[in-house]
Each structure stands twice: as structure tokens, then as C-alpha cells.
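Undergrad: Submitted below is the structure of interest, expressed as C-alpha cells.
Number of protein chains: 2
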Amino acid sequence: MIDKLIRKIEENKAPIVVGLDPMLSYIPDHVKEAAYKEKGETLAGAAEAIWQFNKAIVDSTYDLIPAVKPQIAMYEQFGIEGLIAFKKTVDYCKEKGLVVIGDIKRGDIGSTSAAYAMGHLGKVQVGNNSFYGFDEDFVTVNPYLGSDGVVPFIDVCKEEKKGLFILVKTSNPSSGEFQDQLIDGKPLYELVGEKVAQWGELHMGSEYSYIGAVVGATYPEMGKILRKIMPKTYILVPGYGAQGGKAEDLVHYFNKDGLGAIVNSSRGIIAAYKQEAYAKFGQTAYPDASRQAVIDMREDIMSALVNAGK
Amino acid sequence: MIDKLIRKIEENKAPIVVGLDPMLSYIPDHVKEAAYKEKGETLAGAAEAIWQFNKAIVDSTYDLIPAVKPQIAMYEQFGIEGLIAFKKTVDYCKEKGLVVIGDIKRGDIGSTSAAYAMGHLGKVQVGNNSFYGFDEDFVTVNPYLGSDGVVPFIDVCKEEKKGLFILVKTSNPSSGEFQDQLIDGKPLYELVGEKVAQWGELHMGSEYSYIGAVVGATYPEMGKILRKIMPKTYILVPGYGAQGGKAEDLVHYFNKDGLGAIVNSSRGIIAAYKQEAYAKFGQTAYPDASRQAVIDMREDIMSALVNAGK
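The listed protein sequences correspond, in order, to chains A and B. If you're matching positions, the first sequence starts at 449 in the working numbering and goes up one per residue. If you're matching positions, the second sequence starts at 449 in the working numbering and goes up one per residue.
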């Protein structure tokens with residue numbers, strides 16, 4: 449799956465991923481009204497609005513992008529109905545040939561991590577049958593519990609030829625509270641980065657490992673160091689755009705081969721129609737605004753890479 | 449809700465919580481067969497087996513215990529159907545007057561943590577209506593992202609008079625890989641413990657904070673230190689029994705008032721009928737085996753507390 453992701457990045461000349469993190473406030477009124485008319489102002493109505501919103505954005509962008517990253521929390525907030533919309537979104541994106549990164553940030557003790565891994569990446573056995581639960585291609589994992597919370601995910605990834613992105617340095621303002629603490633003069637995120645590189649050796653693709661890392665766009669100096677610590681690790685970079693990360697800073701997350709990183713934008717793409725730059729599209733043509741935002745983001749990042757000689 | 453939890457612990461003389469973490473392998477054949485007969489060897493069949501299994505154990509133990517802790521991963525592995533069984537379990541336990549601790553170990557950047565908090569503890573707004581998603585009383589939270597990943601949970605807890613248990617030192621063998629790393633001579637888990645004590649001040653009950661901590665039974669020396677660092681924090685203690693934690697070690701997690709900790713057992717209670725000590729009950733009377741295991745666990749912990757003068 450890491451090879452498929454890289455192939456799609458190269459084909460599309462787009463090391464970008466669209467974060468399908470729909471807040472109800474991002475969804476145009478006409479989409480919500482239609483959904484509420486059908487299913488009421490209920491959890492099912494909200495889920496329907498999210499699903500219709502996602503579908504239109506995917507239809508309008510799938511030929512330009514390699515991957516999407518639905519953030520499960522945005523669905524889980526609507527309970528079971530929300531999770532049904534999550535599953536529909538995952539399935540639809542896969543039908544469209546997209547790589548799906550489930551942003552689930554799970555992680556627990558061994559047997560529990562194994563259950564999450566089966567539910568999101570692998571199959572679960574019921575009597576003589578086996579079933580995929582959510583069936584994403586990659587998921588994000590929290591490393592706080594250490595190796596025995598991570599390796600059960602890797603075991604399932606090996607079986608299914610799927611992958612992970614493990615949190616190393618997150619994009620949020622207070623990520624440094626624990627992650628930047630110095631251990632023998634070295635910050636915790638570097639220690640986690642070293643571990644990710646080691647875990648990566650357990651499950652290698654052709655050039656890069658199936659076991660990737662999450663490093664926020666908002667900390668480019670740290671990204672530069674982590675790039676060196678984890679040379680074979682694909683880095684998923686959240687925090688571009690709305691959170692403040694800039695393309696010229698992001699070149700440090702890439703290797704000299706122009707690969708090694710994939711940059712996420714959520715709000716900047718899916719709620720593009722709300723920005724001044726795309727206001728001309730209007731609410732009704734929000735999928736066209738998202739398409740234009742993808743084109744602009746790709747151009748922004750690709751020219752920064754060219755300028756940096758990558 | 450922390451006051452309710454403490455009141456129920458005192459009424460039942462039982463600082464214990466039953467972990468409703470049903471693996472299919474724990475469920476007696478006759479329960480699985482009945483469920484599969486009704487719904488097939490499918491995800492829905494597995495979910496039905498889990499629900500019937502849980503219900504019988506709850507019916508047989510609810511008058512002895514203050515709380516249950518369903519581990520959501522064990523449900524999530526069966527996809528949507530599994531999560532429906534999780535929700536049914538949460539609702540049923542609350543009907544029975546039990547405090548429900550959702551063991552979800554979520555945690556993300558601010559807006560995403562807010563979505564998880566709304567989905568699991570609070571209400572989500574849809575048009576003019578608001579709805580509870582999963583509606584647990586407490587949830588567990590992973591602190592790796594720092595304050596801005598935790599405070600959105602606390603905000604919802606304040607609104608709903610609900611609480612958290614934040615991972616400090618987990619019970620698994622490799623928890624020390626990151627959690628024990630020394631920062632200025634002090635392990636990371638102590639730093640997290642200090643933060644939990646601070647966060648706790650944001651949302652106090654009468655004697656204890658609504659913001660608790662998770663400290664594994666398998667590390668009693670660390671439990672002793674953390675008890676001092678977080679005097680007003682309720683400690684949720686996993687790892688008793690099957691994972692190796694012993695009652696005499698657990699007294700260090702309690703304060704002199706005999707309060708301050710609640711000990712979890714999952715497999716040891718829900719799969720008691722599989723242990724030699726309870727084999728006499730047989731598969732069919734598995735709920736009676738669980739009831740006896742609860743009585744024995746309560747006796748084990750209460751006499752250790754009495755011996756320790758707590």
C-alpha cells in the first residue's frame with residue numbers, strides 16, 4: 449500500500465492528502481437542508497449531510513489526489529450514525545481508487561491494539577467467516593504505550609499489506625509539553641522518531657517503509673531533524689494552511705528524491721468556498737472551490753520543491 | 449459524577465470496576481450459538497453474542513459494583529455492529545445505576561478532541577436539536593498531545609458534570625519505553641502526573657477531582673509515588689489479576705481515607721468460569737462464576753486495605 453501511495457503521488461505530481469474532517473459548520477446550507485428534509489434534524493440527518501458533502505468533494509477532486517484522510521472524531525461525534533457515514537466515506541473513496549488514511553490515533557495495550565488493528569485494517573473472525581470492519585488502508589497510531597501497543601498494528605499491516613502513521617511530533621500549539629521534553633539532551637519526539645525508524649524495518653516496501661510518521665507542518669526545524677532520523681519513513685504532515693504551515697517550510701520534510709512526505713489539508717480544501725480566494729464559486733459550487741484549492745495547493749508545494757531542488 | 453462514583457464505592461464497599469472487554473473466545477458456546485442462529489455467523493451475530501454475554505454478567509453483578517469499564521476496541525473490531533453493541537451496553541449499565549467508564553483512550557488536537565468529547569460525554573448540536581452520541585460518564589484520554597488535546601475534554605466534563613481518567617503510567621510491559629524516560633532526573637510519567645493534578649484543579653468534586661488518572665497495577669512502586677504527586681486524583685488501576693497485579697501492592701494507590709483508587713478486572717471477572725477456581729459453575733452458569741469472582745476480588749482488596757490500615 450505504501451508503494452501504491454507513492455505511485456499515485458508520482459502519477460498525480462501531488463504529495464497531498466485531503467482531510468475529510470467535516471464540521472457541520474463547513475457544510476453549505478443547501479446540503480444540510482436537503483439532508484434534514486430527508487432524515488430530520490437528527491444524528492441521521494447530520495450523517496447524511498456529511499456523507500453528501502464528502503461525496504461531492506471526492507467526486508470533484510479524486511482525479512487530482514492520491515489519498516484522503518478522514519478524521520474519525522468528526523464522525524464519532526454523531527455516534528453510530530456518524531460512524532456509518534465514516535464507513536460509507538471510506539468505501540466510496542476506495543471505489544474511486546484513493547488511498548484512505550483513517551486518522552484514528554488509536555493505541556492501547558497489546559491485545560487491545562490488536563483489536564483496533566483488526567477493526568480498522570484487518571479482518572475479524574466470526575465462527576467460520578471473517579469480516580473487515582472499517583477497512584482503511586493506513587491508520588494513525590499514538591505511541592505513548594510503547595512497542596507492545598504498536599507492534600500488534602504492524603503485525604496486521606504485514607498480513608494485509610497496509611500501513612501506519614505513528615504520531616511523533618504533532619502540529620498543535622502545546623504538543624511540546626511532553627513531546628519536546630529533553631531526555632539525555634534529546635527531545636522525546638526524536639526518541640519516538642528513532643523507534644518509528646526501527647519499527648519501520650519490520651515492514652518495508654520497495655523504497656520506503658509501510659510504517660510512517662506524523663510530524664506537524666508547524667514545526668519545520670524539527671521536521672528537518674526527523675527527516676534525517678527516519679530516512680525511509682514516509683511523513684504525514686498535518687498543519688498546512690489553516691494551522692499555519694507554509695510550503696517553503698515543508699520542503700524539509702521531503703527527501704532528495706522529492707518523496708518521503710505527504711501534506712494534509714482539511715479545512716483549506718473542504719471549506720475552500722468560505723475563503724475569500726474562492727468566494728467567487730459561491731456556496732452551491734463548493735466542490736469546484738475545493739477542486740481549485742487542491743490545484744493551488746499542489747502548485748504551491750510542487751513549486752516549493754522545485755525551488756529547493758527536490 | 450466523581451461524587452456519585454465515590455458514593456457507590458462506599459455503599460458497596462467495593463473500589464472495583466468490571467472491565468466489559470468481551471473477546472469472542474471468552475463467550476460460552478451456547479451464547480454464541482444462540483446469537484449466530486438468530487443473526488448468522490456475521491458481524492451482527494458477533495455483536496449479538498457480545499451484548500447477550502454482557503447483559504447476563506451485568507444482571508448478575510450490578511448490585512455489588514459501582515462501575516463498569518467497557519473497552520471500546522473490543523466492540524470496534526466488529527465495525528458498526530460492534531459499536532451498536534457498545535452503545536447498548538453503555539445504556540443498559542446506566543439503566544442499572546452503574547457508573548460507565550468508556551475506555552476509549554482518545555486524544556487529538558484541540559478541535560478534534562472537542563469532537564471526541566462531544567461524542568462520548570457531551571451533546572452534539574444538529575440544527576435546533578442536540579443529541580448525546582455514546583454518553584459515557586467517564587472516558588480515558590491519552591495525554592501525548594499535551595494540554596490543548598486534554599482541555600477540550602475537561603470543558604465538556606464541566607458542562608456535563610462528568611469526568612476523565614488520563615493515561616499516566618500504563619500497565620503493559622513496554623510502557624516504560626517512553627513513559628519512564630528521565631527528564632531532569634524525573635520520569636515522564638511523573639511529569640504527566642503533575643499535569644493531571646493541575647488539570648484536576650479545573651474541575652473539582654467535593655473531595656476528589658473529576659479528572660482522574662490511569663496507573664497500572666503492575667507498577668506498584670510508581671503507583672506509590674504518583675499517589676503523592678496527585679493527592680486529589682482518583683486513580684483507575686488496570687492490570688489486577690490476569691495481568692499480574694496483586695491486592696497487597698494496590699494499597700499504595702489508595703489514600704489514608706481508603707479512597708482514591710478504583711481497581712479494574714476484566715478477564716478475571718467476565719471469563720471467570722474458565723478459571724479452575726470457578727470451574728464448578730460450568731459454562732451455562734457463567735454469570736454466577738462472574739458474581740463469585742467479584743465477591744472474591746472485593747474481599748481480596750478490602751482485606752488488603754484493612755491490613756494496611758486504610
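Just so it is clear, CB atoms sit at the ideal spot from N, CA and C, and this is done for glycine as well.
(1) If we count the other Cβ atoms within 10 Å of its Cβ and call it buried at 16 or more, is PRO679(B) buried or exposed?
(2) Check each candidate in VAL465(B), HIS478(B) and SER622(B) and name the one with the smallest Cα separation from LEU512(B).
(3) Look at the alpha carbon of VAL548(A) and the alpha carbon of LYS694(B), and state the distance between them as a whole number of angstroms.
(4) Between the stretch 516-530 of chain A and chain B, which residues of the former have a C-beta closer than 8 Å to a C-beta of the latter?
(5) Beta carbons nearer than 8 Å to chain B: which residues of the stretch 485-515 of chain A have them?
(6) Would you please verify whether the beta carbon of ASP596(B) is less than 8 Å from any beta carbon of chain A?
(7) For ILE710(B), tell me which candidate among ASN577(B), VAL538(B) and VAL516(B) has the shortest Cα-Cα distance.
(8) Could you tell me whether the stretch 553-573 of chain B touches the stretch 593-603 of chain B, using the rule of 3 or more Cβ pairs below 8 Å?
(9) Are the C-beta atoms of ASN712(A) and some chain B residue less than 8 Å apart?
(10) Restricting to Cα atoms, I'd like to know which of ASP451(A), ILE552(A), GLY527(A) and PRO735(A) is closest to PRO518(A).
(11) Per DSSP, which one or two residues make a beta bridge with THR560(A)?
(12) Distance check for PHE586(B) and ASN460(B), CA to CA, integer angstroms please.
(13) If I measure Cβ to Cβ from THR537(B) and keep anything under 7 Å in the same chain, skipping five residues before and after, which residues do I get?
(14) Quick one: which residues of the stretch 562-577 of chain B get their C-beta closer than 7 Å to a C-beta of chain A? List them in chain order.
(15) Assuming the contact rule is C-beta atoms closer than 8 Å, TYR523(A) and GLY555(A) should be a hit. Round their C-beta distance to whole Å, please.
(16) Distance, Cα to Cα, GLU426(A) vs ALA497(A)?
(17) Enumerate in chain order the residues of its own chain whose CB-to-CB distance from TYR656(B) is below 6 Å, with the five nearest sequence positions on each side excluded.
(18) Inspect the CB distances between the stretch 665-674 of chain B and the stretch 625-635 of chain A and report whether three or more fall short of 8 Å.
(19) What is the DSSP secondary structure of PRO621(A), counted as helix, strand or coil?
(20) Do the CB positions of GLU489(B) and GLY575(A) come within less than 8 Å of each other?
(21) Check for me: the beta strand (DSSP E) holding GLN573(B) runs from which residue to which?
(22) Confirm, please, whether the CB-CB distance from ILE505(A) to SER738(A) is below 8 Å.
(23) Below 8 Å between beta carbons: does that hold for ILE557(A) and SER619(B)?
(24) Ends of the alpha helix (DSSP H) at ILE743(A)?
(25) If you run the structure through DSSP and keep just helix, strand and coil, what is GLN629(B)?
(26) Classify PHE601(B) as helix, strand or coil using the three-state DSSP reduction.
(27) Select from ALA727(B), MET670(B) and LEU674(B) the residue whose C-alpha is nearest the C-alpha of GLY641(B).
(28) Along chain B, which residues have their Cβ under 8 Å away from the Cβ of LEU639(A)?
(29) Going by other Cβ atoms of all chains shown within 10 Å of its Cβ, with 16 needed for buried, is VAL572(A) buried or exposed?
(30) Within 10 angstroms of its Cβ, does ILE475(B) collect 16 or more other Cβ (buried), or is it exposed?
(31) Is any heavy atom in the ligand FMN found nearer than 7 Å to the beta carbon of ASP583(A)?
(32) Closer than 8 Å, Cβ to any Cβ of chain A: which residues of the stretch 591-625 of chain B, in chain order?
(33) Checking contacts by CB at 8 Å: is PHE586(B) closer than that to chain A?
(34) Starting from LYS456(A), follow its DSSP beta bridges and name the residues at the other end.
(35) What are the boundary residues of the alpha helix (DSSP H) that includes PHE501(A)?
(36) Could you tell me the boundaries of the beta strand (DSSP E) in which ALA661(A) lies?
TA: With the given structure in hand:
(1) Here residue 679(B) refers to the residue found at position 231 when the second sequence is read from its first residue. Classification of PRO679(B): exposed, given that the 10 Å Cβ count is below 16.
(2) Within the second sequence, the letter at position 64 stands for residue 512(B). With distances taken between Cα atoms, LEU512(B) lies closest to VAL465(B).
(3) The residue you call residue 548(A) lines up with position 100 of the first sequence. The residue you call residue 694(B) lines up with position 246 of the second sequence. Approximately 44 Å, taken between the alpha carbons.
(4) GLN519, ALA521, MET522, GLU524, GLN525, PHE526, GLY527, ILE528 and GLY530
(5) The stretch 485-515 of chain A vs chain B, Cβ under 8 Å: GLU489, THR490, LEU491, GLY493 and ALA494.
(6) Residue numbering aside, residue 596(B) sits at position 148 when the second sequence is read from its first letter. Chain A contact via Cβ: present.
(7) One-based indexing of the second sequence puts residue 710(B) at position 262. Closest option to ILE710(B), Cα to Cα, is VAL516(B).
(8) yes
(9) As a working mapping, residue 712(A) is identified with position 264 in the first sequence. Taking Cβ atoms only, chain B never reaches closer than 8 Å to ASN712(A), which makes this a no.
(10) In the first sequence, residue 518(A) corresponds to position 70, counting from 1. Relative to PRO518(A), the option among ASP451(A), ILE552(A), GLY527(A) and PRO735(A) whose CA is nearest is ILE552(A).
(11) Working through the first sequence from its first residue, we reach residue 560(A) at position 112. Paired residue(s): none; THR560(A) is not in a bridge.
(12) Within the second sequence, residue 460(B) is the residue found at index 12, counting from 1. Within the second sequence, residue 586(B) is the residue found at index 138, counting from 1. Looking at the two C-alpha atoms, the distance is approximately 19 Å.
(13) Residue 537(B) sits at position 89 when you count from the first residue of the second sequence. Correct list, in chain order: LEU468, TRP499, ASN502 and PRO518.
(14) ALA563, TYR564, MET566, GLY567, VAL572, VAL574, GLY575, ASN576 and ASN577
(15) Here residue 523(A) refers to the residue found at position 75 of the first sequence. Here residue 555(A) refers to the residue found at position 107 of the first sequence. That pair is no contact at about 19 Å.
(16) It is not possible to answer for residue 426(A), since the shown part of chain A is limited to 449 through 758.
(17) On the second sequence, residue 656(B) is found 208 positions in, with the first residue counted as 1. Same-chain partners within the cutoff: ILE450, LYS680 and TYR682.
(18) no
(19) In the first sequence, the residue the question calls residue 621(A) occupies position 173. In this structure, PRO621(A) counts as helix in the three-state DSSP scheme.
(20) As a first step, residue 489(B) is located in the second sequence; it is residue number 41 there, counting from the start. As a first step, residue 575(A) is located in the first sequence; it is residue number 127 there, counting from the start. In this structure, GLY575(A) lies closer than 8 Å to GLU489(B) by Cβ.
(21) As a first step, residue 573(B) must be located in the second sequence, where it is residue number 125. Taken as a continuous stretch (DSSP letters only), the beta strand (DSSP E) holding GLN573(B) covers 571-574.
(22) Start at 1 with the first residue of the first sequence, and residue 738(A) comes out as number 290. Start at 1 with the first residue of the first sequence, and residue 505(A) comes out as number 57. In contact: SER738(A) and ILE505(A) (Cβ atoms closer than 8 Å).
(23) Along the first sequence, one-based indexing puts residue 557(A) at 109. Along the second sequence, one-based indexing puts residue 619(B) at 171. Yes, they are a contact pair.
(24) Numbered from 1 along the first sequence, position 295 holds the residue referred to as residue 743(A). Where ILE743(A) is concerned, the enclosing alpha helix (DSSP H) stretches over 734-755.
(25) Position 181 of the second sequence holds residue 629(B). Reduced to three states, the DSSP call for GLN629(B) is coil.
(26) Within the second sequence, the letter at position 153 stands for residue 601(B). The answer is helix: DSSP assigns PHE601(B) an H, G or I state.
(27) By one-based count along the second sequence, residue 641(B) stands at place 193. With distances taken between Cα atoms, GLY641(B) lies closest to LEU674(B).
(28) Numbered from its first residue, the first sequence carries residue 639(A) at position 191. Those are PHE626 and GLN629, listed as they occur along chain B.
(29) Mapped onto the first sequence, residue 572(A) falls at position 124. With 16 or more Cβ atoms within 10 Å of its Cβ, VAL572(A) is classed as buried.
(30) The count along the second sequence starts at 1 and reaches residue 475(B) at position 27. Counting Cβ neighbours within 10 Å, ILE475(B) comes out buried, since at least 16 surround it.
(31) As for the ligand FMN, it is missing from this structure, which has no ligand bound.
(32) PRO591, TYR592, LEU593, GLY594, SER595, ASP596, GLY597, LEU615, THR618, SER619, ASN620, PRO621, SER622, SER623, GLY624 and GLU625
(33) Looking up residue 586(B) in the second sequence gives position 138. Answer no: the Cβ-Cβ gap between PHE586(B) and chain A never drops below 8 Å.
(34) What you label residue 456(A) is simply residue 8 of the first sequence in a count that begins at 1. Beta-bridge pairing links LYS456(A) to no other residue.
(35) Counted from its first residue, the first sequence places residue 501(A) at position 53. From DSSP, the alpha helix (DSSP H) with PHE501(A) extends over 491-509.
(36) Walking along the first sequence from the start, residue 661(A) turns up at place 213. It spans 659-663 - the beta strand (DSSP E) in which ALA661(A) sits, taken as one unbroken run.
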